[in-house]
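K.L.:
In my numbering, the protein residues as written are 1386 to 1925.
Could you have a look at this structure, given as structure tokens, before my questions?
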């Protein structure tokens, strides 16, 4: 059985050292120590400047820079602030005027070469451009507490193998358990006075929080089985680790790289993720030990078919962190799926005319196939709706983030040195050359494209192309997208067949942007009421 590293957390961490005037010596009395300190400070600033000013990108033609450093930006603080507040607008403006021209940008992960979608196929096929190492560095996989982010980029490759092999293979069996767990979770999270209650619940529901709870529980059914998917302690840990972990990671990236190994001990956000990591250890370790004892005893009849078991089998004795692996797979499932589910429901309540035909399609597919994978496959309008939402509001303005494992020269002559960052712009999703009225949400768009010769397959939700990079593209396209698609569809089936939805009067949801990220309105609330479903889901 894998060894779990517990780590340690200081019991008391000061925010700053005292500045008691009486204890401070006079610099003029002993100038030598202060001179040495000044020289060390100057050397440190010079080192920082050399460290950050060494560009990893060169080109035969001069590349523009969207947020260049100033002469005294030793720590990239100003460019990073510009990135956090204005990246979406600057990148959009650049590629509107220069649709096929790469550009440089300083993000919170350092200097990044932004490529147009026309170069996506070039990035997808180059093994020297690696996603895992980019993730590991961006989310501080080497720092205590961030193991749930770092395990996906570790050298053991256990997590990647489980997602691409075991989870995908399990999809044929996943529909019924996901539907069962969704039914239980929805009934708990959307309570009504009775099954016959048809009144509007006007105490508006904070939908993002509800969706977060739904997705965490439904995902855990597959990752951990019934054993832990209803364990409130584990569900709380995964929700909090996901949301607070991304915040802590972003906050830490605003500091210069060399200081992060020290600074993280002093940031409350990083203290939180370390605490969640230790809580997760206390929940997972007894389950692993119990299973190990059963296997040693040769107990028959105990068959485990969940991510805990997949990780153990795939590791085959290789060293890996089972708690970090579970946190990673939970973070990967919860973060993007919650955002997508929220945005789809918002788009549906703001385009209510599409809901009746959706219900008709869903009920017809369920009557014919029951809770089988084929039923989800035949929900083509629902598939189109989800893909259109992902086109209009993806999870970010760039995708296909990669880190160069060696010096790479692209077809246009641009050279990215080892450890340099590359990303591909998402602006192809909003390009009028490929999409009619691209600024408009049209739930039928990809259903129509299925009938277009040459685009039958790229119009499906799980398909990728340079003009729809919602799940990435190529070898490192999101390996969990098939599971995410099934999960979102099943959840929407329950929400649409069993409930009516609307926004409170006067509410207009917003899209929130920060850095490369685009998020659904976290403050939006919805109202709901029970309805009689077209098909008795419980009997299927």
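Note that CB positions come from ideal geometry on N, CA and C, so glycine has one too.
#1: Just to confirm before moving on: does the CB-CB distance between residue 1846 and residue 1771 stay below 8 angstroms?
#2: Can you look up residue 1862 in the DSSP assignment and give me helix, strand or coil?
#3: Since residue 1626 is in the beta strand (DSSP E), which residue starts that stretch and which ends it?
#4: Between 1910, 1548, 1841 and 1832, which has its C-alpha nearest residue 1742's C-alpha?
#5: Look up residue 1645 in the DSSP assignment and say whether it is helix, strand or coil.
#6: Within 10 angstroms of its Cβ, does residue 1485 collect 16 or more other Cβ (buried), or is it exposed?
#7: Give the secondary structure of residue 1874 by DSSP, where H, G and I count as helix, E and B as strand, and everything else as coil.
#8: Which runs of the alpha helix (DSSP H), 4 residues or longer, sit entirely within the region 1499–1556?
#9: With a CB to CB cut of under 8 angstroms and the five nearest residues on each side skipped, what residues in its chain are close to residue 1580?
#10: Using only alpha-carbon positions, find the residue among 1465, 1475 and 1543 that is nearest to residue 1637.
#11: Identify, in the order they occur along the chain, each residue of the same chain with its Cβ nearer than 6 angstroms to the Cβ of residue 1908, setting aside the five sequence neighbours on each side.
#12: Let me make sure I understand the geometry here. Which of 1870, 1584 and 1716 has the alpha-carbon closest to that of residue 1601?
#13: Within the region 1548–1607, note down every full alpha helix (DSSP H) run reaching 4 residues or more, in order along the chain.
#14: Just checking, does the region 1824–1841 make contact with the region 1467–1478 on the three C-beta pairs under 8 angstroms criterion?
#15: By Cβ distance, which residues of its chain are closer than 6 angstroms to residue 1610, with the 5 residues on each side in sequence left out?
#16: Counting only runs that start and end within the region 1685–1742, where is the alpha helix (DSSP H) found for 4 or more residues in a row?
#17: Please name the residue or residues paired with residue 1490 in a DSSP beta bridge.
#18: Out of curiosity, what's the CA-to-CA distance linking residue 1646 and residue 1680?
#19: DSSP three-state label for residue 1899, please.
#20: Leaving out five residues before and five after residue 1597 in sequence, what residues of the same chain have Cβ atoms less than 6 angstroms from its Cβ?
#21: Taking buried to mean at least 16 other C-beta atoms within 10 Å of its own C-beta, is residue 1572 buried or exposed?
#22: Rounded to whole angstroms, what is the Cα-Cα separation between residue 1778 and residue 1542?
#23: Residues in its own chain within less than 6 angstroms of residue 1786 by CB, not counting five upstream and five downstream?
#24: Starting from the N-terminal side, write out each stretch of the alpha helix (DSSP H) that is 4 residues or longer and does not extend beyond the region 1737–1819.
#25: I'd like to confirm the pairing. Which residues does DSSP put opposite residue 1887 in its beta bridges?
#26: What does the Cβ neighbour count give for residue 1482, buried or exposed, with the cut at 16 atoms within 10 Å?
#27: Determine the burial state of residue 1619: buried for a count of at least 16 other Cβ atoms within 10 Å of its Cβ, exposed for fewer.
#28: Tell me the rounded alpha-carbon separation between residue 1496 and residue 1801.
#29: Would you kindly work out how many angstroms separate the C-alpha atoms of residue 1663 and residue 1708, rounded to a whole number?
#30: In the DSSP assignment, what residue or residues form a beta bridge with residue 1857?
#31: For residue 1904, list the residues DSSP reports as bridge partners.
#32: Would residue 1757 pass as a contact of residue 1553 if the rule is Cβ separation under 8 angstroms?
#33: Helix, strand or coil for residue 1388 per DSSP?
P.N.:
In this structure, then:
#1: Reading the chain shown from its first residue, position 461 is the one you call residue 1846. Reading the chain shown from its first residue, position 386 is the one you call residue 1771. Their beta carbons are under 8 angstroms apart, which means residue 1846 touches residue 1771 by this criterion.
#2: Residue mapping note: residue 1862 aligns to position 477 of the chain shown, counting from 1. If DSSP states are grouped into helix, strand and coil, residue 1862 belongs with coil.
#3: Taking the chain shown and counting its residues from 1, one reaches residue 1626 at position 241. Here residue 1626 belongs to no beta strand (DSSP E); instead the alpha helix (DSSP H) covers 1617–1638.
#4: Within the chain shown, residue 1742 is the residue found at index 357, counting from 1. The shortest C-alpha separation from residue 1742 is found at 1832.
#5: Taking the chain shown and counting its residues from 1, the one referred to as residue 1645 is at position 260. Residue state, collapsed to three classes: helix.
#6: Position 100 of the chain shown holds residue 1485. Residue 1485 is exposed by the Cβ-count criterion.
#7: Against the chain shown, residue 1874 aligns to sequence position 489. If DSSP states are grouped into helix, strand and coil, residue 1874 belongs with the helices.
#8: 1505–1509, 1516–1523, 1532–1535 and 1543–1546
#9: On the chain shown, position 195 is the one that residue 1580 refers to. Taken in chain order, the residues that qualify are 1915.
#10: Taking the chain shown and counting its residues from 1, the one referred to as residue 1637 is at position 252. Of the candidates 1465, 1475 and 1543, the one whose C-alpha sits nearest the C-alpha of residue 1637 is 1465.
#11: If you number the chain shown from 1, residue 1908 lands on position 523. Taken in chain order, the list of residues that qualify is empty.
#12: Your numbering for residue 1601 matches position 216 in the chain shown. The residue with the shortest Cα to Cα distance from residue 1601 is 1716.
#13: 1553–1574
#14: no
#15: To locate residue 1610, count along the chain shown from 1; it is residue 225. Counting only Cβ-Cβ distances below 6 angstroms, and skipping sequence neighbours, we find 1691.
#16: 1692–1700 and 1707–1734
#17: Locating residue 1490 in the chain shown gives position 105, where the first residue counts as 1. Bridge partners of residue 1490: 1497.
#18: One-based indexing of the chain shown puts residue 1646 at position 261. One-based indexing of the chain shown puts residue 1680 at position 295. Each residue's alpha carbon lies about 40 angstroms from the other.
#19: Stepping through the chain shown from its first residue, residue 1899 is reached at position 514. Strand, per DSSP.
#20: As a first step, residue 1597 must be located in the chain shown, where it is residue number 212. If we look at residue 1597 and ignore the five residues flanking it on each side, its Cβ neighbours are 1624 and 1723.
#21: The residue you call residue 1572 lines up with position 187 of the chain shown. Exposed.
#22: Reading the chain shown from its first residue, position 393 is the one you call residue 1778. Reading the chain shown from its first residue, position 157 is the one you call residue 1542. Their Cα atoms are separated by approximately 31 angstroms.
#23: Start at 1 with the first residue of the chain shown, and residue 1786 comes out as number 401. Result list for residue 1786: 1519 and 1808, in chain order.
#24: 1740–1754, 1758–1762 and 1765–1777
#25: As a working mapping, residue 1887 is identified with position 502 in the chain shown. 1912, per the DSSP bridge assignment.
#26: Stepping through the chain shown from its first residue, residue 1482 is reached at position 97. Under this definition residue 1482 is an exposed residue.
#27: Along the chain shown, one-based indexing puts residue 1619 at 234. It counts as buried.
#28: One-based indexing of the chain shown puts residue 1496 at position 111. One-based indexing of the chain shown puts residue 1801 at position 416. Roughly 11 angstroms between the two C-alpha positions.
#29: Position 278 of the chain shown, counting from 1, holds the residue named residue 1663. Position 323 of the chain shown, counting from 1, holds the residue named residue 1708. The alpha-carbon atoms of residue 1663 and residue 1708 are separated by roughly 9 angstroms.
#30: Stepping through the chain shown from its first residue, residue 1857 is reached at position 472. Bridge partners of residue 1857: 1855.
#31: Counted from its first residue, the chain shown places residue 1904 at position 519. 1897.
#32: Within the chain shown, numbered from 1, the residue matching residue 1757 stands at position 372. Within the chain shown, numbered from 1, the residue matching residue 1553 stands at position 168. Against a cut-off of 8 angstroms, the Cβ pair of residue 1553 and residue 1757 comes out as no contact.
#33: Start at 1 with the first residue of the chain shown, and residue 1388 comes out as number 3. Because residue 1388 carries a pLDDT of 40, less than 50, the predicted location of this residue cannot be relied on, and the following value inherits that uncertainty. Here residue 1388 sits in coil by DSSP.
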